[in-house]
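Note that the protein sequences, when read in sequence, are chains A, B, C and D.
Take our numbering: the last position of the first sequence gets the number 808, and nothing is skipped along the way.
Take our numbering: the last position of the second sequence gets the number 298, and nothing is skipped along the way.
Take our numbering: the last position of the third sequence gets the number 352, and nothing is skipped along the way.
Take our numbering: the last position of the fourth sequence gets the number 383, and nothing is skipped along the way.
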Amino acid sequence: MIRRSKLLFTVVSLAVVLAVMVAGCAAPAAPGPAPSAQEETAAQAPAGSEAASEAVNEILVGAIYPLSGSLAATGVDLKNAVELATDIVNNEYDLNLPLAKTAGLPNMGGAKIRLVLGDHEADPEKGAAEAERLINNEKVAALVGSYNSAVTATASQVAEREGVPFLNPESTSPTLTERGFQWFFRTTPYDKLFAENFFQFLDEMKAKGYDVSNVAILNENTLWGTDVATLENQYAEEYGYNVAANIPYEANAADVSSEVQKLKAAGEAVLLQASYVSDAILYMQTYKQLDYAPTAIIAMDAGFVASEFVETLGDDANYILSREVWALDLAESKPIIKAVNDMYKERYGTNMNGNSARAFTGMLVLADAINRAGSTDPAAIQAALMETDIPADQIIMPWKGIRFDPETHQNTLGSGIIVQILDGEYKTVWPFDLASAEIVWPFPKWSER
Amino acid sequence: MALFEVHGLTKTFGGLAANRDITMRVEQGEILGLIGPNGAGKTTFFNCVTGFYPPSAGSVRFQDQEITGWPPERVCQAGIARTFQIVRVLGDLTVLENVMIGAFLRHPRVPDARRKALAVLELTGLADRQDQMARNLTIAGKKRLELARALATEPTLLFLDEAMAGLNPSEIHAAVAIVRRLQEQGITIVMVEHVMKVVMPLADRIVVLDSGQVIADDVPERIAANERVIEAYLGEKYRAAS
Amino acid sequence: MLRNRLPQLALVALVLFLLVFPTLFPEPFLLRTMILVLLWSVLGLAWNIIGGYAGQVSFGHAIFFGLGAYTSTLLLNNWGISPWLGMLGGALVAVIVSAIIGWPSFRLAGHYFAIATIAAGEIFAVLFRNLKWAGGAVGLYLPIVRGDRLVDFQFNESKAMYYYIVLGMLVATALVTYWIERTRMGYYLKAIREDPDAARSLGINVTRYKLYAMVISAALAAMAGTFYAQFVLYVSPKTVFPLALSIQMALVAILGGTGTLAGPIIGAAVLIPMAEYTRVYLAGRVGGLHLVVYGLLIVLISIYQPGGLMALLRNWQHRRRQRKLAQAAPVTAPAGGMGDGSV
Amino acid sequence: MSVETTLLVQTLVSGLLIGFVFALISVGLTLIFGVMDIVNFAHGEHLMLAMYFTYWLYTLWGVDPLYAVPVVAGLLFLLGVLTYRLVIRHVLDAPMLAQIFVTFGLMVFLRNLAQLLWSEDFRRIGDTLVTGRLELFGIFIGTPQLVASVGAALTTGALYWFLKNTRTGWALEATAENKEVAGLMGIDPERMFALAWGLALASVGVAGALLATFNPIFPEVGAVFVLVAYVAVALGGFGSVTGAFVAGIIIGVVQVMGGFLWEPRFKTILVYGIYLGIVFIRPQGLFGRR
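So this is what it looks like as C-alpha cells:
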C-alpha cells in the first residue's frame, strides 16, 4: 500500500514536471543561455588546476555574474557581452577596438584569453566564494564583475586580499571606489556622476526657459536606492533646487498608493525616481490610476530601462526620462556601436543594452591592460591598468575615453546620457549634442494622452 | 480538617454553566468516586481544580492552602496529579522516558529519576514495555502509562479521569488492583467514572454530578438507591439507546 | 565487543579527520565550503534546540544571527572593540531580544508562533534597512586587517584559522546540545514538544523552559553571526536578516533530523556542499535548476522521512536490535483515535 | 472637498481596494488551516500559478481574464485536490515540522520551476474588459481594482454561504471542529480535507485571475502578497473565514493609510507590529475560537 502510493507519487510528480516543462518550452520567454556558454563551463569544470601551467598561451580571466536566481536574465546578457569581447580579442576582426585586429594578445605571443564563469546568485557571500574559487582553484589572472554593487563589494574584497586585479564594468554604487582599494578598478561612471548629470540637465532645461525649481525624490531603500537618494539630495542643495518630498520605500511592494499620495501632496515637482523593475511598473500603473503627472519623471535607469518595462506598460511607458550609460541610437553618431551590436545580435538574438555594452567595454579594457603588462603577474596587470588610456573612438560608450584616477581607480572620462521613451523606444535626448530626438517636456497629463 | 476542599466552585463558558456552585471535600486517604452522565461537568471540574481552567467563582483549598487559579504546573508541584480523559501520552518518547518526565519533578537528576521511574513502572506492571514507543501502546497501556506518569510526580492527591473507560473486563480488573495498591500506599484518589459499576466496589464515597451540580454525596450503597441519581442515569440510558 | 565500541571509534575517527582537514585539503574553495558546512551545522544545532527539541518552529532566527553580526561589527568599527568581545556582546543582545520576543510569543500555539517569528524577522529586516547608524541598507564593511592575528579575528593569508574557530564553535554547540539532551531540560523540552498540557500537568513550567531553549538557541546563532561577519567582512540587512536565512537554518535541521544531536550536522554536511557545487557546475547553464531540485527534495523528505536522514540510520539500527533480541515484547498496533473515549 | 480631504479619502479608498484582494487571498489560506491545522506556505505560489494560467489563457487563446475566472478557479480546484492527494495526505499524522516543511518545499519548488520555465520576465495582460478607471468627486478608482474587490467580496460571500447553508458545508465545519466526532458522524475526513484544499485553491484562483487584470505577473509575485495573507489569517483567527476577510481589509487600510500619514517605508513594520500586538493580547486572533 505505502509502496504503491510512493510509486504513484513519484511517477505522477515526474509526469507533472515533464508536462510543465513542455508547457514552458511553448512559452515565448523561456530562458536559454547560448550553447557557447555550456562548452565553456563544461571545459572549465575539469580544466582548472592544469590551466595554471599552460598560462603562457592561455590567460584565464574570471567573470562573476548572477547566472541563476532572480537576476539570471541580466546575468546572461552580461556573460554574452564578455564572451563577445573575449572572442574579439582572441580572433581577428576589422573593428576599431583594442586588440580587435590581432588574434590573441600580441605582446604575449598571441596568447588567448579564456573566460572562467562564476555564478553569485546575487548573494554577496556567494560572490566572495566564487572570487575565492576562481583565484585559488582556477588561478585566474584577473576578475571582472559583478553587476550587483553589494556582490561587487564582497567579491572585490577577496581580490584585494589575494592581490588580484578586479575590473568592475557595471556597478554604480559610489562607496565601491571610496574604499581605497589597490586592486579594484571601475570603468563605468557611477551614481554620483549620474546624480550630478540630472541637475546639469535641469539647469540646461531652466536655461531653455522651463520652470523647474522643485524636485521630489523617490527611491527604493536598499543599498543602491539609498546611495542614489543621498547623492540627489546633496546635488539638489548644491545646485539650489528645493526638495519638495523625499520618499524612501520598501522594494517589492504589493501596493504603493500611499507613496503616490504623498507625492501628490508634495505638489508640482520633477520626480527623481530610483526603482527596480517590479516597483517601477507598479508605480507607473499607480500614477496612471491616481492621475499623478509630475513635471517630469527622471529615472535612475534600473527598472525603467529593463526590457520588461516597455513590454509590460506599452504606451503608458512613454515620456519617461531615464539616465543611461548607453543607447542603441548612439550608433548614429558612433558607427562602431552598430558594428558590435550587429555581431552581438547575430549571436544572441537580442540587441545590446547599457549593461552588456558596459561589460563588453570592461572586458576589452582588462584585455588591453593584460596585453600591455605582457604577463599574467597581477602586479604587472595592476600597473598596466593604471596606465590605461583608451581614446573615445575606440569604445562603444558615449564616454570621452578611459583613464583611471590614480587614487580611487575610477574611470575619470566616463559620462552619462539621458534617454526618453518615445513610442516605446529609448531615444537619446541629452546631452543635446548627442540627441537623436527632440525631448518631450513636460510629462503629459494622463487624460491628455 | 479535610485534605482537599472545594467551595461554591462555578465555571461558565460564554453564559452556560458547566459547573454550578460545587462544594465538596476529600478526606486524607480515601477513594472518592465522582460520577455522572455525559456532560455532567466532571471533566470541567477536574480542569478547574487542577488549574487548566480558571474557575469563574468559588475557591479550591488543598492542605489548608488556597490554590484557586494556580497554573497546572504549580498545582502539580503542590502534590496534586491527574490523568486525562482522552489519553495524552508523549507518543514520540519511550514508556520509560514518559514516566521519567514525571519523576523529574521530585528527582532533578537523571539517574534518580530513572530509578524512580523504573519503580513506578514495576508497580504499574509496565516494566516489560519500558523501551516501547508510547504511541505503540494499546489504549489500556496508554491509560496505565498516564497513571504511572502521574504517580511518578509523587502526588498526595491523584485525580483519575475515566482511567477505566475503554478497557476490557480483565484490564479493568488489573487497573482496580493498581488503584487499591495506591490507596494502601496512602495516596488519596478522586476518580471520575462514567460507568457506575466500576466505582461502586472501589470507592469509599461517591459524589454524583448532573448538569454541573452535585446531586448526591454519599456512600456507594445509598447512592445506588438514590432517586435523582437513578433518574439522571436512566435519562442517560435512554439518550444512549436512542 | 568491538561492535559496541563502533560509534565511539567512528566519532574519534571523525574528530581526527576534522582536525587534520585543512592540512589534507589546504585548497581554499574546498576549505571555504567546509567552513560553511561547519557554520551551518552550528546554526542548525542552534535552531534545533528551540525548533527541534522544544518543537517551537521559528522562522525568525535570522534575527539573532543578524544581531550577532551587527553588534560585533558596530563595536569594532566604532570603538575598535575586538570581535571576540563583540561575539559575547552579540550573544548578550540576542539573549535579551530573544527573551523579549519569546516571552509573549510562547503563549501562541504552533502556527501562530511560526508566523509571529516571521513577522518579528521582517520587522528587524526593515528596521535595520532604515537605521542610519547601522549603515542602513548599504550595510557595513569591515576594515581589512593584515597580519592574521588571532585577536583581530581576521585571517587573509589562509582560511585555516577560520576553520578551526568555527570547528571550535561547533564542538561547543554540540556539547551544549549534548548536555541538554542528557539532563532534565532535554526531557522537559521533548515533553513540551509532544504535549504542552500534559507537560504542565506534570509540573513543568512550560513557558520557562521554552524561554531557556530560546535564549540558548539565540545566543549560539548570534555567535555564528559574528563569525560570519568576520568571515565575509561585510554585513547588510540583505545578507544577515533575510527570511531565507531563517528557513535554511530550519532546513538544515529537518533534512538531517530534528531533535537529534547529529541531525543538523548531517543536514549541513549534505545540503551545503550540494548547494555550493551545483552552483559551480551549473553556472550559466540551467539557472536555478538546483533550487527546483531542493524544493522537490524537501517535499519528498517531509513525506517519506519526516525524521530526516537520522531516522534512516535509527531505523536501520533498530532493525539490527530487533533481530538481536528476537524475544522482544510484541509491538502492538496503535489503536485508532476513535477508541479514546467520548469527547 | 479640500485637497487634504480628497487625498485622505483617496488613500482610504485605495486601502480598501487592496484590502479586499488581501482578504480573498487570506480566505483560502484560513480555510485549509481551519479544517486541518496546516498552513499552506505555498499559498503565494498557488496565487502565482493562477495568475500565469490566466496569462496563458489570454495570450494563447485570447480569453479575457474576466471570463477566465471560472476556468482558473476550476483548474486550481483540481490542483488543490491533487496537491492534497499526492502530498498533504502523506503528512497528516507526521510531526508539525514535517507538515510545515512539506508545503514550504512545495513553495520553493513551484517558485523556482516558474522561474526556470517562464523566466524572470514581467508579464502583463494588456487590454481587458475592465481596463480603465472611474472618477467620483475627484476620487479615482481603478476599474480592475474595483472589479477585483467586488469579486473578492462575492467569492467570500459564496464560500461563507456554502459553509453555513449546505450539508457539505456543515460537514466541513464539523471536521474543522473535531475530526473524531466528525468521523463518528460518518463524515469521511479525507474527503473533507481534499475538498478544503480544492476550495482554498479555487478561491486563490479567483484572486489570481482578478489580480492578473492589473498586477504584473512574475515568479515571485506570490511572495509579495502571501506574507500579508499570513498576518491576515492569524489576525482574523486561524480558520475563521469571516475573520480573515475582515483582517485582510483592515491590513489593507492600515497599510495604505499608515504609509500615507507616517513613513511609507515603515508600512510593513506597522502591519506586523499590529499583528504581534493583537496576537499577544488575543492569541486566538480577532475572531478565533478557543
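By construction, the Cβ of each residue, glycine as well, lies at the ideal position given by its N, Cα and C atoms.
* To do: Could you check the C-alpha separation between C:F68 and C:G265 for me, to the nearest Å?
  => Spanning the two alpha carbons is a distance of roughly 18 Å.
* Which residues in chain A sit within 8 Å of C:I153, going by Cβ to Cβ distance? -> Against C:I153, the close residues of chain A are Q516, E519 and R520, in the order they occur along the chain (beta-carbon pairs closer than 8 Å).
* How far does the beta strand (DSSP E) with B:H63 in it reach, from first residue to last? -> For B:H63, the enclosing beta strand (DSSP E) stretches over residues F60 to F69.
* Apart from the five residues on each side of it in sequence, which residues of its chain come closer than 7 Å, Cβ to Cβ, to D:V364? -> Result list for D:V364: V321, V324, I344, V347 and Q348, in chain order.
* **8 Å Cβ cutoff, A:N580 in contact with chain D** => So yes, A:N580 belongs to the interface.
* To do: Mark C:Y218 as exposed unless 16 or more other C-beta atoms lie within 10 angstroms of its C-beta, in which case mark it buried.
  => Around the beta carbon of C:Y218, 16 or more other beta carbons lie within 10 angstroms, which makes this residue buried.
* CA-to-CA distance, D:L252 to A:P803, given in whole angstroms -> C-alpha separation (whole angstroms): 45 Å.
* May I have the straight-line CA-CA distance separating A:K621 from D:N308, to the nearest angstrom? => Rounded to whole angstroms, A:K621 to D:N308 spans 21 Å at the Cα level.
* **Three-state secondary structure assigned by DSSP to A:E766** => Reduced to three states, the DSSP call for A:E766 is coil.
* **alpha helix (DSSP H) segment containing A:D436, residue limits** => First-last of the alpha helix (DSSP H) with A:D436: A431 to N449.
* To do: List the DSSP bridge partners of A:T511.
  => Paired residues: none, contrary to the question.
* Under 8 Å Cβ-Cβ, which residues of chain C neighbour A:D586? -> Simply V147.
* Would you list the one or two residues that DSSP bridges to A:P757? => For A:P757, which the question treats as bridged, DSSP gives no partner whatsoever.
* **D:V162: CB within 7 Å of a non-hydrogen atom of the ligand FAD** => Absence of the ligand FAD from the depicted structure is noted, as is the absence of any ligand whatsoever, leaving it without description.
* Does DSSP classify C:M194 as helix, strand or coil? -> Three-state result, C:M194: helix.
* B:K172, DSSP secondary structure in three states -> DSSP places B:K172 in helix when its eight states are reduced to three.
* Asked: What is the DSSP secondary structure of A:P750, reduced to helix, strand or coil?
  -> Strand.
* Asked: What are the boundary residues of the alpha helix (DSSP H) that B:T99 is part of?
  -> Start and end: K98 to V105.
* Given that a residue counts as buried once 16 or more other Cβ atoms are within 10 Å of its Cβ, and exposed if not, what is B:L65? -> Buried, by the Cβ-count rule.
* **Contact list for the segment 237 to 255 of chain C against chain A, Cβ threshold 7 Å** => Closer than 7 Å at the C-beta level to chain A, one finds these residues of the segment 237 to 255 of chain C: V241, L242, Y243, S245, K247 and T248.
* Asked: Does D:V317 come within less than 8 Å of chain A when only Cβ atoms are used?
  -> The beta carbon of D:V317 falls within 8 Å of a beta carbon belonging to chain A, placing the residue at that interface.
* As assigned by DSSP and simplified to three states, the class of D:G392 -> Lying before the first or after the last residue shown, residue 392 of chain D is absent from chain D, which here runs from 94 to 383.
* Asked: Would the beta-carbon of C:L70 fall within 8 Å of that of C:S311?
  -> A small correction: the amino acid at residue 70 of chain C is His; Leu does not occupy that position in the sequence shown. Their beta carbons are not under 8 Å apart, which means C:H70 does not touch C:S311 by this criterion.
* What did DSSP end up calling A:D675 once you bin it into helix, strand or coil? -> A:D675: helix per DSSP, three-state reduction.
* Taking Cβ positions only, does D:A191 come closer than 8 Å to chain C? -> With respect to chain C, the C-beta atom of D:A191 has a partner C-beta closer than 8 Å.
* Would you say A:T534 reaches chain C, if we count a Cβ-Cβ gap shorter than 8 Å as a contact? -> Yes, A:T534 lies at the interface with chain C (some Cβ there is under 8 Å from its Cβ).
* To do: Give, in chain order, every residue of the segment 584 to 613 of chain A whose Cβ lies closer than 8 Å to some Cβ of chain C.
  => Per Cβ criterion, the list reads G584, T585, D586, P607 and E609.
* **Bridge partners - A:G477, DSSP secondary structure assignment** => Under DSSP, the beta-bridge partners assigned to A:G477 are A:I423.
* Counting Cβ pairs, one atom from each stretch, are 3 or more of them under 8 Å apart for the segment 53 to 60 of chain C and the segment 263 to 279 of chain C? -> Verdict: yes, contact present.
* Asked: Alpha carbon to alpha carbon, what distance is there between A:L641 and A:V615?
  -> Their backbone Cα atoms lie some 7 Å apart in a straight line.
* Counting Cβ pairs closer than 8 Å, one from the segment 175 to 189 of chain C and one from the segment 278 to 290 of chain C, do we hit at least three? -> No contact exists between the segment 175 to 189 of chain C and the segment 278 to 290 of chain C.
* Distance CB(A:A655)-CB(A:W800) smaller than 8 Å -> By the CB criterion at 8 Å, A:A655 and A:W800 fall inside the cutoff.
* So does the segment 112 to 130 of chain B actually touch the segment 17 to 34 of chain C, counting three or more Cβ pairs closer than 8 Å? -> Taking a contact to require three or more Cβ pairs closer than 8 Å, the segment 112 to 130 of chain B and the segment 17 to 34 of chain C do not qualify as touching.
* Taking just the CA atoms, how far does D:I125 sit from D:I131? -> Cα-Cα distance, rounded: 6 Å.
* Asked: In chain order, what residues of the segment 148 to 168 of chain B put their CB closer than 7 Å to some CB of chain C?
  -> Considering only beta carbons, the part of the segment 148 to 168 of chain B lying closer than 7 Å to chain C consists of D148, L149, E153, M156, I157, G158, F160, L161, P164 and V166, in chain order.
* Alpha carbon to alpha carbon, how far is A:L781 from A:K551? -> Whole-angstrom Cα-Cα distance: 27 Å.
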